[in-house]
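The structure appears right after this line, and notes come after that.
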Amino acid sequence: MRSLFWRILATFWLALALVAGLAMLLGRALNQDAWILNRHPGLDGLDKRWVELYERKGERAAQAFLEARKRQYRIDTQVIGESGQPLVKGTFPPRAAAFEQRHRDRPLPWRQLTTEYTSPGGDTYLFIYRIPHPELAAWHRDSLFWPLSALAIALVVLTLFSLLLTLSITRPLDRLRGAVHDLGQTTYQQNSLARLARRRDELGLLAKDFNRMGERLQGLIGSQRQLLRDVSHELRSPLARLRIALALAERAEPEEREKLWPRLHQECDRLEALISEILALARLDAAPGAAQAVDLVAIFAKLQEDVRLSAPEQRIELHLASDLRLHGWPDMLERALDNLLRNALRFNPAEQPIEISATRQGQQLLLSVRDHGPGVAPEHLSELGKPFFRAPGQSDAGHGLGLAIARRAAQRHGGELSLRNHPHGGFVATLELPLEAAKG
């Protein structure tokens, strides 16, 4: 359950510890002489203090200083001037010097270090140190305390930083995991990621996107549940009428039964039309496939021809702008416009024309259908377009799915369905579609 936590923590901790340790070890390995010269207490500042004594008090004081250092730290020192000759006797005995000359090709019992020092007066001095190996080994043991202490402190600090960094990653992931689980159980609450969504990093953006996705999914689930409830309610009425008609037909005489057949056919037709509209609405939520160029002129011509056949008493007026180009799904748009036109046919008086227009407004294409009927009460305008909603007084006019299909088709094209009463009477339904619609 916490494997990611420990993996991230261990990775950061080991990486940082390894880098710090290797840097220290490599520094010591590659700069042994510089390390000893800078850190050994018997050599630290010796060259500067010796030069000050030599230039201020002379050779005797300088020689005494070297001998005192040897008694304290067992380090032999020689000082060579710019002429190449020793400036003082030093503390390296002649016998040891002779031994060093004879055994140059063998390991010596001491380590030799050299360093130069330039005085403020411009004179250069060469210092030669010889430290016995036992003394150097003892100092190494003591000198390891401070780097090891520093390394331990660094590891503690690095561990804390790694822990904080790891928690800053794994805790939000735990919250997201819990939100995914809740979403799968349909118990997701948007405020569960509210604090995480306020972060100004990638995890905050992920939480915001997840909130939007959760809101969208919950909306879809809610709408599907509502649709199922509405569908079941709407199907009860024609099924109940069919059962009544069948029961009457079973008990009726042959002559009366013949009179019931048209009613049975009518109820079957209503049921078939309702199922067809429900399927059309459901198909709009499925993937529509790739978008293509829409021939609006051909769609309007087909709709006008359908009206001429089904309602010859109605008159259609077309107002189409030139250069109408749109990418989308022609069948979907045709179905949406056909529903809008059928709604207009139900309420438009025969002596007035139904006006269909296609105009461009900025970066939008407006496809409008206007009738000259009674319109809709203002308090019901916001409810229009919801599945199975029918304004009062229109209970026999369709099933309340035509506007819902048109609205869903407009949303599929990245637009919206606008419904309003016309200022001079009648009702106007407009598909407001962006000219740069999605192409798949």
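For the sequence shown, the working numbering begins at 567 and goes up steadily by one. For each residue, glycine too, the CB sits at the ideal point set by N, CA and C. This structure is a prediction, so every number in the text was calculated from the model and none was measured.
Among the options, nearest to residue i - alpha-carbon criterion
i: G650; options: D642, F693, R615; result: F693
i: P673; options: A811, D610, G687, P698; result: P698
i: T996; options: P989, A976, G980; result: A976
i: R926; options: L899, F578, S888, E917; result: S888
i: H988; options: H979, G968, S934; result: S934
i: L979; options: L932, K952, E822, L985; result: Sequence check: residue 979 is His here, not Leu. Considering only alpha carbons, the answer is L932.
i: G658; options: R668, G647, Q678; result: In the sequence under discussion, the amino acid at residue 658 is Phe, which differs from the Gly named in the question. The candidate whose alpha carbon is nearest that of F658 is Q678.
i: G687; options: T725, G624, E618, A704; result: E618
i: L862; options: E648, A839, C834, L899; result: L899
i: D767; options: S876, E781, L950, S734; result: S734
i: R836; options: S685, E816, L805; result: L805
i: A583; options: L721, S948, E821, Q858; result: L721
i: D610; options: R635, L769, E821; result: R635
i: H990; options: F727, E982, Q918; result: Q918
i: Q638; options: G981, H606, V585; result: H606
i: L1007; options: A857, L769, A916; result: Because the chain in this structure spans residues 567 to 1006, residue 1007 falls outside the shown range and cannot be described.
Residue i, enclosing alpha helix (DSSP H) - first and last residue
i: E601; result: Residue identity differs from the one stated: residue 601 is Trp in this sequence, not Glu. First-last of the alpha helix (DSSP H) with W601: 598 to 605.
i: F631; result: 625 to 639
i: E666; result: 660 to 668
i: A877; result: Careful: A877 lies outside any alpha helix (DSSP H) and carries neither H nor E.
i: R891; result: Segment: none, R891 is in no alpha helix (DSSP H) and carries neither H nor E.
i: L762; result: 760 to 763
Short Cβ contact (7 Å threshold) for residue i with residue j
i: V994; j: R936; result: yes
i: A971; j: N914; result: The question names Ala, but residue 971 is Ile in the sequence shown. Going by C-beta atoms, I971 is not nearer than 7 Å to N914.
i: H938; j: G992; result: yes
i: L530; j: T732; result: Residue 530 falls outside the range modelled here, since the chain spans only 567 to 1006, and no answer is possible.
i: R640; j: E682; result: no
i: R696; j: W676; result: yes
i: L759; j: A745; result: yes
i: L890; j: A924; result: yes
i: L826; j: L814; result: yes
i: G951; j: L969; result: yes
i: A645; j: E625; result: In the sequence under discussion, the amino acid at residue 645 is Val, which differs from the Ala named in the question. Their beta carbons are not under 7 Å apart, which means V645 does not touch E625 by this criterion.
Endpoints, the beta strand (DSSP E) within which residue i is located
i: S995; result: The question names Ser, but residue 995 is Ala in the sequence shown. Where A995 is concerned, the enclosing beta strand (DSSP E) stretches over 993 to 1000.
i: E883; result: 882 to 886
i: R696; result: 690 to 698
i: L679; result: 676 to 684
i: D642; result: 642 to 646
Minimum Cβ-Cβ distance from residue i to chain B less than 7 Å
i: K655; result: Of the protein chains in the structure, only one exists, and it is not chain B.
On the three-pair Cβ rule with 8 Å, is the segment 625 to 635 touching the segment 660 to 676? no
At what residue ranges does the segment 914 to 985 contain a whole run of the alpha helix (DSSP H), taking only runs of 4 or more? 968 to 978
Under 8 Å, with one C-beta from each stretch per pair, do the segment 824 to 835 and the segment 862 to 881 reach the 3-pair mark? no
Residue ranges of each alpha helix (DSSP H) run of no fewer than 4 residues wholly in the segment 814 to 867, ordered along the chain? 820 to 849
With contact counted as at least three CB pairs below 8 Å, one residue from each stretch, are the segment 872 to 890 and the segment 942 to 950 in contact? no
Can you confirm whether the segment 869 to 878 touches the segment 896 to 904 when touching is taken to mean that 3 or more C-beta pairs between the two stretches lie within less than 8 Å? yes
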